[in-house]
Each structure stands twice: as C-alpha cells, then as structure tokens.
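Please read the structure below before turning to the comments.
Chains as they are written, first to last, in our numbering: chain A, 218 to 487; chain B, 1355 to 1768.
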C-alpha cells in the first residue's frame, strides 16, 4: 500500500525507490549522449573543442604574450589541469540549472524520483571531462611529465569536484524552478569563477594576505590538489582541499534536502 | 476480486491562478522582508499578510472521496475544467494533494499522454526502451514484450529508423503501442485512445477493452461517452472539482447529458492591453437563433495600430484534438474591420455537420509567418448532441467514430 498525501516538506530520500529507477537514469544519460553524437561528423570532439580552443588562446595570450609566472611548469599543462575540473563544473552547473524546467514535459506527465533529472548532466558531463583529462595527460607526457607515485592521488580531487558539482547542481536546479532569475545569473557567477579560481594561473600567484579568503572558494582546493598530484611540486594543499571537502559535502547534503522540499511542488510551478 | 484497489478520502487540490507572476520572482521575496524591516524601524504597522497569494485560489479538486475495488473499470466524466485530469495527476503522484489522501493497493501506472520522452533523433527501437522505462517498465519486461509492441504498432520495417522520419501516423501508433503494453495492476488513463487513423483507433479501443476484460482495475477519463459506455461499469461525474454523482454507467451518463445547459451562451472577457496593436476583448458563443443546431461566435476586438496582414483565425477542435473547422477573416472584406476603434464580428460555426461530442474553440489574431499576435487561451466550448437513437446504442455498440455527421437523407426508390 502506498499513501498519497499532502507534501510535508523536508523528507529523507527514498533510496530503495531511487535504486528501482536506476534504469531511467541510465536511459536518460544514454539518450543525451546518443543525441549528441547523431548527425555530427566530429561527434564527441565538439564537446571538448570549446575548452581546447580556450586553452590554446589563453596559452598564447597569457603564456607567451603576458608571460604569467608558472614556476617552470609548462603553461598548457597549467591551463588544461584547471580546465579539466572547472569546465566540468561550469558545463554541468549550467545544464543542471535548466534541467528541471527543460524536463517539464516529463515532470508533468509521469512520476519518478525527481533527483534523477539534475543527476543526468552530472553523469553525461563525465564523458567530456574524461576526454579532456586524456588530452591533459598526453600534453603532460609531451612535456616530459611522467607518472609518479603522487598520480595515485589524482582521483581524489576529481571525485570531490563531482560531489561539489552535484551539490551546486541540486541547489540551482531546485531554485530555478521557482526563480527563473537563477538560470540567468549563473553564467555571470561562472565567468567570475573562471578568474576567482586558479584556472589560468597558479594559486601561488595570489598574494599571501589574500590567500585565506581566496581558499574559501572550493574550486581552489580541487585544482591545487589535481596539480599537486599531477606535478608533484610544492607543498601538499591540505587546507584548501579540506575546505573543498567540507564545502562539497555541505552543498551535497543541503542540496538534497532543499531539492526534496521543492520536488513535490515542481510539477505545479513549472 | 473484491479487495480494495484504491481508497480516496477527502482529496482536495488547490491551485493559484492569475497571480501576476506565475513563478514568483526573486525580486518579490527579497523586497518584501526589506520593506517589512523598514516599516518596523519607522514604527509603521506591518504589511498585511501576503495579498499577492490569497486572492486567486481555486480548488481544482474539493473533498473527493471514493473507493475502487480490484477489477473495476471506472469512467470519469465531466466538462472541461471539472478536475478530471487533476484527479489523475494526484493519483499518479505527479502533483501532491493539498488536503486528504489516497491509498493505493498495488502497482499503479498512469497514462496521461502517449509518447512521453520520445526523441526524434532516436530510432523506433531506442524510443521503445526509453519511453517504456519512463512509463515505469522494467528492462526484462520490455525485452519480453518488445516484439508484441512492434507488431501492434505495425512498424516492423522501420524499427531501426530514427523516429523523425516516421509519418505522424506511425509515430502515434508506436507511442500508443508502448503505452498499451504497460502492465500495472491499476491503470489510470487520460484521453489517449484517439491517436492514429480510424482503423488504428478501433484497434486501440479493442486493446483497451481487452485490458478491461482481463479484470484489470482501470480509471478512465474520456470525453467519448461512447467509449465510457462500452468499457466502464461505473462512472464518476465531476464538476467544479467535486463528485456530483457516482454510480452505474447508464444512469450517470444519462444525468450528465441532461444536466448540460445548451441554450445558454458563454462569454469570456479579456483584459485590454494598450501596448498591442490589436487585442481581442471578448469572445462569445451562443446557438444560432435561426438554426439552433449551429453556433455563432462573436468576437469583439480593439485596433490601435496598422497591421495589414493580420488575420482573425478560428479553429474548432473535437475531443480528440482533431481540427474540424478553420476560418480566418481574410476573405471577409468589410472596409471597417481594421480601422482604429472597437469592432464586433460574428462567425457561424456549422455545428449541424459535426458528429456528437464536445468541441472547443480557439481563436486569435495571427500574422502569417509570425508568432501569434494575440492568441488567448480559450475555454469556450459547445456540445453536439446525439441526434438519433438507433439500435446501436440499445446494444451498447459505440457509434462509429466519424468527424462529420450531416443529416443522412434516405430515399426509397423502388
């Protein structure tokens, strides 16, 4: 027996129900990837072409013309290691923000755990992140950066980045159902984030006095973590990474609760 | 067989309509607390409780209670806006009720639309898997019924072709076919049987009847009195979100048909908008005084600007959303019709040609190759009565589904 009754706001996630719908998640992810490939000659290349073009232009402008100091790390490696994480974050957050509204045709016609909807871009985004990561490793290899023991640490910042992205994605997707302003504001924040995070430069460039405030940005920890693990130079970024972990877990759990509070109303609001 | 399948107790659903901003914008929820704080500092009385919200409440469902036993096939009827679809959406867990509750004993599947989630770039095969999963089928279940679904839709040759290359008929058949093979214990169906051509509609109705004969529990919303009559043993009549009657099919349908007030005209007024060059102010439908089986639509509109190409368009749709009548005022060459000022025009709708059923009218101003200039949501409708009682209805056989039904003229020749 199942009882349908007025929503009581903050309820726990029904994990069993979520598990029962894993196929739906799988098919929605598969559909998005499948559609991305159809009718294009270059297929998956298109999704990494944009970050790659950015990397090339930025390398020429900041690496060669402006000569941003990089502690002797090849500039393309700096840019690509930043973009692997930040491109994933910004692409997924943008898609997640509009995911509920774009899925109105589903939400008003069928029931399923709504958490699936903002989770889809988190998974589809992994494809281009993977390709970009491979490009990064190839470029690193060309610059004679070879695997060391610290490479074992590589999955950690990537994993934290995924949880962080999912947390922010849950928040913005739920907010955008009620306040469409959120969807409009996100590109601005993401653009500021490109410069407020160590994407095109190393965080060691940030003056000592600013370092504390700067590290409150959870992207700093994951990018520094990835660079430390890839290059094995400099001190281990313990504090920024701890900030990232705490922020990711906080955003993720609060995001689930906030999303759950909104999801019963979603079909009426969209 | 007599175990309870569904128990609905005091179910109510409230919607808020006409709030100036359907999705509350950030501005309002930020500015209100600030204004509240300012008043507190200035020692002014606090703002009245949020007046934005309370004015336009409307109960799409109010205090609906009923029970359904396993194996019952229940029809839900009522005019547009009676709350039929809202009831199904609450039972299907798509939207939550405001008050009351519903207990569901068994797996409930809802069919509010066919083809939900179909993607034009995917092939027929891929869409079957996707759509069936969305509708709640398990993977092995889909695998097992796959051939059946394809055969029923009659699209074997095109199963690996992207759906965007399908004809609209093929698309509709495939969509319905997936839905028809859904196998829940309790099935909730909104008006979805009327897809495809007449032959396929017959087949769908047959399939539906088969489902009901198997002793499945079904809640079935339809505008087609004939379909309800042939499937359902019990009918619930809704009006204004409340249950008006709940009883055996023949008597509820009989009372429903009697209760509809045909003679009355129906009017909708629209707000004027000084910014638009042309604006519909009022639409009114009433029976033609000369020939009461036809209807007259009167439109009043105001012209403010010059729009040489704009046309007033009228579309009449039947209950299955098929356009049965279209007219625009392009060939109506009255010299005054686009001069600045307010005008009223009338259009005769030849309803005496239409088959019995409910028809909705949409109308508005439209400029070719542009977005509609002013195409309001209409709730004007009229009903064409069943004109003849034949032995078909005495035997509970539905009238063949036709769009037009002009008076048949028989003659004895020899």
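Where is the CB? At the ideal position from N, CA and C, for every residue including glycine.
- Our two residues, residue 1715 of chain B and residue 1650 of chain B, have alpha carbons roughly 11 Å apart in a direct line.
- Rounded to whole angstroms, residue 306 of chain A and residue 1539 of chain B show a C-alpha spacing of 43 Å.
- Using a Cβ distance threshold of 8 Å, residue 1670 of chain B and residue 1757 of chain B do not count as a contacting pair.
- Residue environment: residue 358 of chain A is assigned as exposed (fewer than 16 neighbouring CB atoms within 10 Å of its CB, all protein chains considered).
- Taking C-beta atoms as the reference points, residue 230 of chain A and residue 473 of chain A count as a pair closer than 8 Å.
- At a C-beta separation below 8 Å, residue 1691 of chain B has no neighbours in chain A, since its nearest C-beta there lies roughly 38 Å away.
- In this structure, residue 387 of chain A sits away from residue 286 of chain A, with a CB-CB distance that is not shorter than 8 Å.
- In this structure residue 424 of chain A is exposed. Its beta-carbon is surrounded by fewer than 16 other beta-carbon atoms within 10 angstroms.
- Taken in chain order, the complete beta strand (DSSP E) segments of 3 or more residues contained in the segment 1573 to 1648 of chain B are 1588 to 1593, 1596 to 1602, 1620 to 1623 and 1632 to 1641.
- Here residue 365 of chain A carries a coil assignment [DSSP, helix/strand/coil].
- Going by DSSP, residue 464 of chain A is part of the alpha helix (DSSP H) stretching over 455 to 486.
- Residue 1438 of chain B sits away from residue 1429 of chain B, with the two beta carbons spaced by 8 Å or more.
- Rounded to whole angstroms, residue 1728 of chain B and residue 1632 of chain B show a C-alpha spacing of 8 Å.
- Nearest to residue 368 of chain A by alpha-carbon distance, out of A:466, A:449 and A:413, is A:449.
- Residue 284 of chain A sits in coil when the DSSP states are folded into three classes, being neither helix nor strand.
- One thing to note: residue 1590 of chain B has its Cβ within 8 Å of the Cβ of residue 1597 of chain B.
- For the segment 1463 to 1480 of chain B, residues whose beta-carbon sits nearer than 8 Å to a beta-carbon of chain A comprise 1464, 1466, 1467, 1470, 1471, 1473, 1475, 1476 and 1480.
- For residue 1421 of chain B, no alpha helix (DSSP H) segment is defined; the enclosing uninterrupted segment is the beta strand (DSSP E) at 1411 to 1423.
- Using a Cβ-Cβ cut-off of 8 Å, residue 325 of chain A counts as an interface residue toward chain B, since at least one Cβ of chain B sits closer than that to its own.
- At least 8 Å separates the beta-carbon of residue 321 of chain A from that of residue 400 of chain A.
- Under DSSP, the beta-bridge partners assigned to residue 1736 of chain B are B:1713.
- Residue contact check for residue 221 of chain A against chain B: a CB pair falls below 8 Å.
- Segment contact: the segment 427 to 445 of chain A against the segment 374 to 381 of chain A, three or more CB-CB distances shorter than 8 Å; contact assigned.
- Cβ-Cβ separation between residue 1563 of chain B and residue 1585 of chain B: approximately 6 Å, consistent with a contact (criterion under 8 Å).
- Counting only the Cα atoms, residue 1480 of chain B lies some 16 Å from residue 1508 of chain B.
- With a minimum length of 3 residues, the unbroken runs of beta strand (DSSP E) contained wholly in the segment 1452 to 1525 of chain B fall at 1453 to 1458 and 1462 to 1465.
- Boundaries of the beta strand (DSSP E) around residue 1700 of chain B: 1695 to 1703.
- Note: residue 1367 of chain B is bridge-paired with B:1415 in the DSSP secondary-structure output.
- Distances from the CA of residue 1659 of chain B to each of B:1629, B:1639, B:1645 and B:1638 were compared; the closest alpha carbon is that of B:1629.
- Among the residues facing chain A, residue 1451 of chain B is included, as its CB has a counterpart in that chain under 8 Å away.
- For residue 1493 of chain B, the closest Cβ of chain A is nearer than 8 Å.
- By the rule that beta-carbons nearer than 8 Å mark a contact, residue 1484 of chain B touches chain A.
- DSSP lists B:1465 and B:1574 as the beta-bridge partner residues of residue 1543 of chain B.
- The secondary-structure analysis by DSSP pairs residue 1428 of chain B across a beta bridge with B:1573 and B:1588.
- Contact check for residue 1543 of chain B against residue 1512 of chain B fails: the beta carbons are separated by 8 Å or more.
- Selection B:1588, B:1474 and B:1641 evaluated against residue 1735 of chain B yields B:1641 as nearest (Cα-Cα).
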